[in-house]
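Let me begin by presenting the structure, written as C-alpha cells, before commenting on it.
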Amino acid sequence: MRVKQRDANVAEVDMTPMIDIVFQLIAFFMVITNFENTRADERVKLPLNAIARPTEAPREKDLVLNVGYLRDNAGNVVQDSPDALLFHGDGQNYPIPEIDPVLSKEARYFTDEGTKLPDVTVVIRADAEVPSGQIQELIAKSQTAGFSLFAVKAQQEE
Amino acid sequence: MKFRGGSKVEKIAPQMAPMIDVVFQLLIFFMLTLKIIRPEGEFGINMPLSGEPNPQQDTLLPEMKIRVLAGPNGGLASLQLNDRDLGNDEQAFADLTASVRRIAGDTGGEASDELSVEIDPDYDLNYRWFIQTVGAVSGDRLPDGTTVPLVGNIKFAPARQPR
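So the sequence lines, in the order shown, correspond to chains A and B.
Residue numbers for the first sequence follow the numbering used here, beginning at 2 and rising by one.
Residue numbers for the second sequence follow the numbering used here, beginning at 270 and rising by one.
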C-alpha cells in the first residue's frame, strides 16, 4: 500500500520568554556583583559607622591589608595568640609583629613596576575587635616600609 | 514573468542551542561569584613619614588632641578632648562632634584642612571605638540624613604600650 507522505508536525518551543528572563537575570547579577571588593576578606568583621563614605573615584594604586582573627562558625575567635593576623593575598596569615617582610615585599613590588610609594594608599580593613594599638603598629610598620597614605575601612551603617 | 514555486518561503531558524549554552554559563558564573556584602566606606588618614614636612603644621588653628581610654576587654572607659572628659557613651561622641563643629565653624560643605586632630587611643581599645572616634570628628550626621564634613586632617598618635 502506498502511504502518502505528509509534513511531520514539529512542535516548536517558543524560546523568547526564557531568553528574556535569562538575560534579565544575567544583567541583574552583573550589576550587583561588586568586583571592587574581591580583595576583601570575609573573616574581617568591620566596625559599623554612619559617617564612612565610599571613595568618589576608584584609586589607581592601593594595597589592601585585611586584619582580623580566625573564627569558628559561631563567630568566636579560635586562636590562642593575642595578636591579630594579617590575612595576606598569598593565603598565609601573619601576626602583626611579623609583617615587616610582607610590607617590604609589597613596597618592592610597587617600586619595581615604577609606582612611587607616596602615591600608593594603604587601605586597612580591620576587625572591630582588634586592639587599636595593633593597627597603630601596622601603620608604623607601613611607614617604615615607605608608605604614607592611609585609609581605614568601616561598614556603612543604615 | 512567472516564477514557479515562488510562493513557498523557506524559513531559516537560527541555531539557539549554542547561545543558550553560553548564556547559562554566564548566568551560573555570576551566580557563583556573587558575594552579598554591605557597602563599605572609609576615612582618609594623614600620616606623613617622620622627617617629611607636614603642610598642616602651620595651620592657624591649634591641633585637637583626643584621648580614648580603654576599659576591661577593650571597651570604652573615657573619651577626652584636649584633656576634657566627655564620658563613655553615645552622648560622649555626640558632644565630641558638637565641640569639633563649634571649633570648625562653617566648613562650606567640605572637610577643613585647617583643622587637625590627633587621636591617641589606649593599646587595648577595641578598634570599633577607634573608628567611632574617627567618624565623630570626620563629620556631623544631621537628622535629615545629610552629613556635614568637619576635620580633613586626622592622624593617629604612636601606639602606647599594652597593659
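Heads up, the beta-carbon is just placed ideally off N, CA and C, and yes, glycines get one too.
In angstroms with no decimal places, state the Cα-to-Cα distance between residue i and residue j.
{"i": "L64 of chain A", "j": "V124 of chain A", "result": "6 angstroms"}
{"i": "F148 of chain A", "j": "M288 of chain B", "result": "49 angstroms"}
{"i": "V103 of chain A", "j": "H89 of chain A", "result": "8 angstroms"}
{"i": "Q325 of chain B", "j": "F362 of chain B", "result": "With a pLDDT of 49 at Q325 of chain B, under the threshold of 50, the predicted position of this residue should be treated as unreliable, though the coordinate-derived value follows. Cα to Cα, Q325 of chain B sits roughly 25 angstroms from F362 of chain B."}
{"i": "L365 of chain B", "j": "G344 of chain B", "result": "18 angstroms"}
{"i": "V78 of chain A", "j": "V131 of chain A", "result": "11 angstroms"}
{"i": "P96 of chain A", "j": "T17 of chain A", "result": "56 angstroms"}
{"i": "G69 of chain A", "j": "Q294 of chain B", "result": "35 angstroms"}
{"i": "V406 of chain B", "j": "V386 of chain B", "result": "8 angstroms"}
{"i": "D413 of chain B", "j": "T402 of chain B", "result": "22 angstroms"}
{"i": "M316 of chain B", "j": "F24 of chain A", "result": "48 angstroms"}
Taking CB distances under 7 angstroms as the criterion, tell me whether residue i reaches chain B.
{"i": "F111 of chain A", "result": "no"}
{"i": "T72 of chain A", "result": "For the record, residue 72 of chain A in the displayed sequence is Arg; it is not Thr. Chain B, which has no Cβ nearer than 7 angstroms to the Cβ of R72 of chain A, makes this no."}
{"i": "N67 of chain A", "result": "no"}
{"i": "E130 of chain A", "result": "yes"}
{"i": "N94 of chain A", "result": "no"}
{"i": "F88 of chain A", "result": "no"}
{"i": "Q25 of chain A", "result": "no"}
Taking 7 angstroms as the CB-CB cut-off, is residue i touching chain A?
{"i": "D393 of chain B", "result": "yes"}
{"i": "I423 of chain B", "result": "no"}
{"i": "L296 of chain B", "result": "yes"}
{"i": "I372 of chain B", "result": "no"}
{"i": "P331 of chain B", "result": "no"}
{"i": "L303 of chain B", "result": "yes"}
Counting only the same chain and skipping the five closest in sequence on each side, list residues whose C-beta sits under 7 angstroms from that of residue i.
{"i": "A53 of chain A", "result": "A155, Q157"}
Can you list, in chain order, the residues of its chain with a C-beta nearer than 8 angstroms to that of residue i? Leave out the 5 residues immediately preceding and following it.
{"i": "D101 of chain A", "result": "K142, T145, A146"}
{"i": "L86 of chain A", "result": "V68, G69, Y70, L71, Q80, N94, Y95, P96, I97"}
{"i": "K424 of chain B", "result": "I314, N315, M316, S385, V386, E387, I388"}
{"i": "D352 of chain B", "result": "K334, R336"}
CB residue i to CB residue j, shorter than 7 angstroms?
{"i": "T34 of chain A", "j": "F298 of chain B", "result": "no"}
{"i": "Y392 of chain B", "j": "R429 of chain B", "result": "yes"}
{"i": "R126 of chain A", "j": "V14 of chain A", "result": "no"}
{"i": "G410 of chain B", "j": "A51 of chain A", "result": "The question names Gly, yet the displayed sequence has Arg at residue 410 of chain B. Yes, the Cβ-Cβ distance between R410 of chain B and A51 of chain A is below 7 angstroms."}
Whole runs of the alpha helix (DSSP H) within the region 88 to 149 of chain A, excluding any shorter than 4 residues: 101 to 113, 133 to 146
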